[in-house]
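Visitor:
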Amino acid sequence: MRVQLLFSVLAAATAANAQSSSVVTFAPAVTDSPVGASYEVTLPNKGNWKVDGNIKAVSAPDGKGVKFEVSISGLPAEGGPFMYHIHEKPVPADGNCTGTGAHLDPYKRGEVPICDATKKESCQTGDLSGKYGNATESSYSNSYLDLFSSTNPGNPAYFGNLSVVVHLSNKTRISCGNFKMVSPGSNGTSSGVAMPTGTGGSHHNNSTLSATPTSTATGSGPPISPTTAPAEPTGAAARLVSGAGVLFGAALALML
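Count the sequence shown with mature numbering (1 follows the signal peptide of the UniProt record, and there is no 0) and you get residues -18 to -1, 1 to 238, in order.
(1) Can you give me the C-alpha to C-alpha distance between A39 and G159, rounded to a whole angstrom?
(2) Around the C-beta of M65, are 16 or more other C-beta atoms found within 10 angstroms, so that it is buried, or is it exposed?
(3) Do T80 and H69 count as a contact pair if the criterion is CB distance below 8 angstroms?
(4) Kindly provide the ranges of any beta strand (DSSP E) runs that are 3 or more residues long and lie completely inside the region 96 to 183, ordered along the chain.
(5) Tell me whether G18 sits in a helix, a strand or coil according to DSSP, three-state version.
(6) Measuring CA to CA, which of G62, R91, S132 is closest to S15?
(7) Between L110 and N78, what straight-line distance do the alpha-carbon atoms span, to the nearest angstrom?
(8) Roughly how many angstroms separate the alpha carbons of T118 and L57, rounded to a whole number?
(9) Rounding to the nearest angstrom, what Cα-Cα distance links K90 and G108 in this structure?
(10) Could you tell me the distance, in whole angstroms, from the CA atom of S121 to the CA atom of I37?
(11) In angstroms with no decimal places, state the Cα-to-Cα distance between V94 and N30.
(12) Indicate whether F141 and A11 have their beta-carbon atoms separated by less than 8 angstroms.
(13) Sort I96, P26, N134, E103 by Cα distance to N116 and report the nearest one.
(14) Between which two residues does the beta strand (DSSP E) harbouring H69 extend?
(15) Output needed for C105: all residues of its chain with C-beta closer than 6 angstroms, excluding positions within five of it in sequence on either side, in chain order.
(16) Which term fits N124, buried or exposed, when burial requires 16 or more other beta carbons within 10 angstroms of its beta carbon?
(17) Compare the beta carbon distance of P74 and N143 with 8 angstroms and say whether it is the shorter of the two.
(18) Near S165, what residues of its chain come up, given a Cβ to Cβ distance below 8 angstroms and the 5 sequence neighbours on each side ignored?
(19) What do you reckon, are the CB atoms on V33 and A42 nearer than 8 angstroms?
(20) Can you check DSSP and say which residues form a bridge with K49?
(21) Using DSSP with H/G/I as helix, E/B as strand and the rest coil, what is T7?
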């Protein structure tokens, strides 16, 4: 009986620890992108997959986030919906997309659960298609303001020396390219990083990046339906672990 009690308490403590480790750190809204800073990725049409396109990224006029303009073509007839992400490393000299590592994720959120597009601050910083929609056709174009990306090299959300990778739905990497600086911009923005806004990025559709983007996207499908929303940081898990510790101590005393 006492042994059963001890095992029950250990199981409760393990469950509490798992709950506490699932807490997600939300990405802070960016306020420090240098005005006029711009970067561009060119996706090369080579190899087995004839995918090409480009991704342009320009600081928002007020330094709050980055405006992205995405244009991808040559996507295969099968294997979609297609995802694209900013990855944590540049494409190596041999062009092998596997060398780009995982998604840009400075706040260690992880890929599970999948991105909830209604809470963009809870997604991985580099999960652009998770936040703004996968490609569902052979050609895809979209533009939007992402409040959680930065063109400031000192910000954890900086991507100017990294890469973009395009994936099949099974995560096979079919195209990749490095960001290259077009303009460093100026330092006329506020410094620092703001607290999370809770509102996510501002989604626009446009053919060019401007202060007030308009028009429609082509081939942009909705993000994959999210699973259970990420847990918000609370003290509940810590209290549960503490309570389990007390129970464990009591059970151990009974064993003696």
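Yeah, the Cβ is synthetic: ideal placement off N, Cα and C, and Gly gets one too.
Here the structure is a predicted model, which means the values were calculated and not measured.
Guide: For this structure:
(1) About 14 angstroms.
(2) Flag for M65 reads buried.
(3) At least 8 angstroms separates the beta-carbon of H69 from that of T80.
(4) The region 96 to 183 contains these whole beta strand (DSSP E) runs: 122 to 128, 145 to 149, 155 to 165.
(5) Three-state DSSP puts G18 in coil, outside helix and strand.
(6) The candidate whose alpha carbon is nearest that of S15 is S132.
(7) Between L110 and N78, the C-alpha separation is close to 21 angstroms.
(8) CA-CA distance, T118 to L57, rounds to 9 angstroms.
(9) Taking the straight line joining both Cα atoms gives about 11 angstroms.
(10) Roughly 13 angstroms between the two C-alpha positions.
(11) The alpha-carbon atoms of V94 and N30 are separated by roughly 30 angstroms.
(12) Taking 8 angstroms as the cut-off, the Cβ atoms of F141 and A11 do not count as close.
(13) Nearest of I96, P26, N134, E103 to N116, Cα basis: I96.
(14) That run of the beta strand (DSSP E) goes 65 to 69.
(15) Sequence-distant partners of C105 (beyond 5 residues in either direction) whose C-beta falls short of 6 angstroms from its own C-beta, in its chain, are C97, G112, K113.
(16) The residue in question, N124, is buried, as its Cβ has 16 or more Cβ neighbours within 10 Å.
(17) No, Cβ-Cβ distance for P74 and N143 is not below 8 angstroms.
(18) Here the set comprises G18, A19, S20.
(19) No. Outside cutoff.
(20) Partner(s): V40, L127.
(21) Three-state result, T7: coil.
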